[in-house]
Amino acid sequence: AEAMAPEAEDPRPGVDCFRAAVRHAQYPYNRSIFWQVKQPVWWALRLISLIPWGGVLPLVFLFIFIITDKTDEFQLVQFILLFKGTQFIS
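According to our numbering, the stretch in the sequence shown is residues 381 to 470, in order.
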């Protein structure tokens, strides 16, 4: 029998699990808006972005941009549309 090489372990599994959970709540590929409304992470990001104090909204968008997978075109387009839509409304 051939000896199997151990798989390379991810050096930061906790960070990637957090990013994946937030990204899936923000941009689910297999869920509807009705599922999103039931997610506390989705509500937290929406409600925090409504705080009228200066600098809160840019920080929320910076956080979303940092956790967004830059290789996924869907996530990038959704981020740009959300950002530009918020700019238009405010």
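Even glycine gets a Cβ: it sits at the ideal position worked out from N, Cα and C.
If you count every other CB in all the chains shown that lies within 10 Å of the CB of residue i, and 16 or more means buried, which is it?
i: Gln-467; result: exposed
i: Tyr-407; result: buried
i: Ala-472; result: Residue 472 cannot be examined here, being either before or after the span of the chain that is shown, 381 to 470.
i: Ala-424; result: exposed
Assuming residue i contacts residue j (C-beta within less than 8 Å), just tell me the rounded distance between them.
i: Phe-459; j: Ile-444; result: 6 Å
In the DSSP assignment, the alpha helix (DSSP H) including residue i goes from what residue to what residue?
i: Arg-411; result: Per DSSP, Arg-411 belongs to no alpha helix (DSSP H) and is neither H nor E.
i: Trp-422; result: 420–429
i: Lys-464; result: 453–469
i: Pro-438; result: 436–447
Tell me which residues share the same chain as residue i and place their Cβ nearer than 8 Å to its Cβ, disregarding the 5 neighbours each side in the sequence.
i: Ala-403; result: According to the sequence shown, residue 403 is Arg rather than Ala. Ile-447, Thr-448, Asp-449 and Gln-455.
i: Leu-437; result: Ser-429, Ile-431, Thr-466 and Ser-470
i: Val-421; result: Ala-401, Val-402, Ala-405 and Gln-406
Excluding the 5 residues preceding and the 5 following residue i in the sequence, name in chain order all residues of the same chain whose CB lies nearer than 7 Å to its CB.
i: Leu-427; result: none
i: Arg-399; result: Ile-447
Once the 5 residues before and after residue i are set aside, which same chain residues still bring their CB inside 6 Å of it?
i: Val-440; result: Ile-428 and Ser-429
i: Gln-416; result: Trp-422
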